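Below: the structure, in C-alpha cells.
Numbering (the working numbering), first residue to last: 19 to 200.
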C-alpha cells in the first residue's frame, strides 16, 4: 500500500488516474462513482492575541473585512462551499493565500491577518481568539468519493476504516458549534 495526500480546495475529479479515494469539501456531483458523507465540520474566524493587541478593537463582525484575510489561494479554490469570503466579506482583501488549512492556522498564529479556519484545528492553538463565534460560524461537510470497484479492495477498505475511526474520535471537535471557546 502507498498513501499519497494532496491538499487542494477543488471539486472531486471526474476521472482521477491512480486515485482510490478522494476526501472533498461539499457534496460532490459524481455520476460514475460513489460519494458518501464523512463528517460535518465548522469554519470560524480567528486572529492571534498579538494581532488583536496591535490593531484597533473589532466591535462588529463587519469590521473583520477591514483586515487581511488568510485563506485559500483564490485562483486555485473552486469549491462553492468554501467561497465564504466572497459571499460574507465582499470588501475583504486576501492577505496571504495557501493551499493548506494547517498553513492558514500557522499564518494566523504568526499574526499575518485574520484567518477563516477549521475550528477543529484553530481551537487547539491557545494563541488564537475566535471572533464573533455566534455570527461568523460556517458549517461545511467532508465527503468521500471513489469508484465502487476500488471500494471493494482490502487496502482501500483498511484506509477507509482508519479514516472513519479518526473521524468518529474527533466528531465533537469537528462540529464546534457557535459560542465562546470552552
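Even for Gly, the Cβ is constructed at its ideal location relative to N, Cα and C.
Just so you know, these numbers come straight off a predicted model, no measurement behind them.
Which residue marks the beginning of the beta strand (DSSP E) containing residue 87, and which one marks its end? 87-89
Which residue wins for smallest C-alpha separation from residue 82, given the options 162, 52 and 154? 154
Check this for me: beta carbons of residue 133 and residue 184, under 9 angstroms apart or not? no
First and last residue of the uninterrupted alpha helix (DSSP H) at residue 193: No alpha helix (DSSP H) holds residue 193; DSSP gives it neither H nor E.
When the distance is taken between beta carbons, is residue 90 closer than 9 angstroms to residue 162? no
According to DSSP, which residues form a beta bridge with residue 68? Answer is none; residue 68 lacks a bridge partner.
Strictly by DSSP, which residues pair up with residue 112? 87
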